[in-house]
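>
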Amino acid sequence: MFVIRRNDEVKGYLNECPHVGGPLDWVSDQFLDIEKTHILCATHGARFRIENGLCISPPCPGALLTPVAVEVIEGMVVIGSDHSPEANS
């Protein structure tokens, strides 16, 4: 899994491309494109929105990354917290 933190917002996803099931990072812990605006799959170059994990380019437009529940508590990123919206839905 990996976490992207922007200011006070965090998003967590499994490190798995929905297209081929392989890892997304092309170099260890490198998940974003050069502009740092999208998550980029190293295998086929698919781009995913950071805010919701939606793929917006071929080869798998419309596919979603698998989210992981995360939140910031007292400045620390907490994984799998019972207080996050994903955990309560």
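When the letters of the sequence shown are read in order and numbered with the working numbering, they come out as residues 90 to 178.
Beta carbons: idealized from backbone N, C-alpha and C, even for Gly.
All figures in this text were calculated on a predicted structure; none of them were measured in a lab.
According to DSSP, is residue 113 helix, strand or coil?
coil
> Evaluate residue 125 with the Cβ neighbour count: other Cβ atoms within 10 Å of its Cβ, from every protein chain shown; 16 or more gives buried, anything less gives exposed.
exposed
> Specify, as a first and last residue, the run of the beta strand (DSSP E) that residue 129 falls within.
127-129
> Let me confirm a value: residue 160 is counted as buried when at least 16 other C-beta atoms fall within 10 Å, else exposed. Which label applies?
buried
> Going by beta carbon distance, what residues of the same chain come within less than 7 Å of residue 165, once the five residues before and after it are set aside?
none
> Taking only three categories from DSSP, how would you classify residue 168?
strand
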